[in-house]
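J.: Please see the structure below; I have some questions.
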Amino acid sequence: MCDTSIIARIRDEKIAMELIHFGARMQVLEYETSLSRRWLLKLYKEVKGCSPPKGMLPFSADWYMSWEQNIHSSIFYNIYRYLQKSEYGRPVEIMLKAYWLYLGQSQTEPNEKPVLELTRAWTLLRFIDCGMINHTVCRSCGGNFITTPEYMRQTFTCSLCFPPSRASKKTTLPVSGMLSASA
Ligand SMILES: [Zn+2]
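Taking my numbering, the leading residue of the sequence shown gets -11, the next gets one more, and so forth.
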């Protein structure tokens, strides 16, 4: 760490703290900061009061196409795209701000488990970077939704316009303005 500037290190520490606060996995912390694994483990235990969970990162792009996951992921991604145009900073800093705004829109209770957890949101941006997921416009409402390539080959209708029958018991999110294609 001796060749890292003090400012860069403080910035990394702030990013690591926020990532841990939102429940990021160790792999995300190691990818997004230049801090040592040992230091990150210590910080994690201090912030969360326990060791980080072990295991692999989520790897299925299909997860994002289930009706509820797709709506939540699309809200997050639309916020992220909007902030990309107006905010300065590293992509991870813009992601953190987008995630914070997404939680504000999607959580009805303060400690409610979000549908889109932070590590899933982070993985979504990786999948978009490598072309495994893209975004397309719903032919019915004109909203902008994330889709895997096989959905892009057909005319896409979102699950807000044609929700599955099991969706009827779920609370509707106040999302109409957050998915517009022009956002
Ligand atoms: Zn639609």
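Cβ coordinates follow ideal geometry from the N, Cα and C atoms, glycine included.
1. Roughly how many angstroms lie between the CA atoms of Trp55 and Trp27, to the nearest whole one?
2. Taking the alpha carbon of Leu89 as the point to measure from, which residue in Pro151, Leu71, Asn122 and Glu97 has its own alpha carbon closest?
3. Should Ile86 be labelled buried (16 or more other beta-carbon atoms within 10 Å of its own) or exposed?
4. How is the beta strand (DSSP E) around Asn132 delimited, first residue to last?
5. Which whole-angstrom value is the C-beta distance of Leu113 and Met83, which I expect to be below 8 angstroms?
6. Within this structure, are the beta carbons of Pro46 and Thr111 separated by less than 8 angstroms?
7. Can you have a look at Ala(-4) and say buried or exposed, based on whether 16 or more other CB atoms are within 10 angstroms of its CB?
8. If you measure from the CB of Ser128, is any heavy atom of ligand 3 nearer than 7 angstroms?
9. Output needed for Met(-11): all residues of its chain with C-beta closer than 6 angstroms, excluding positions within five of it in sequence on either side, in chain order.
10. Are the stretch 36 to 46 and the stretch 124 to 135 in contact at 8 angstroms, needing three or more beta carbon pairs?
11. In chain order, what residues of the same chain have a beta carbon less than 7 angstroms from the beta carbon of Asn66, not counting five sequence neighbours either side?
12. May I ask you to list the residues that DSSP assigns as paired with Thr124?
T.: So, from the listed chains and residues:
1. 39 angstroms
2. Leu71
3. Before going on, a small fix: residue 86 reads as Ala here, not Ile. Label assigned to Ala86: buried.
4. Asn132 to Thr135
5. 6 angstroms
6. yes
7. exposed
8. You won't find ligand 3 in this model; what it holds is ligand 1.
9. Residue placement at Met(-11) is flagged as unreliable, the pLDDT there being 47, under the threshold of 50; a coordinate-derived value is accordingly withheld.
10. no
11. Asn132, Met166, Leu167 and Ala171
12. Phe133
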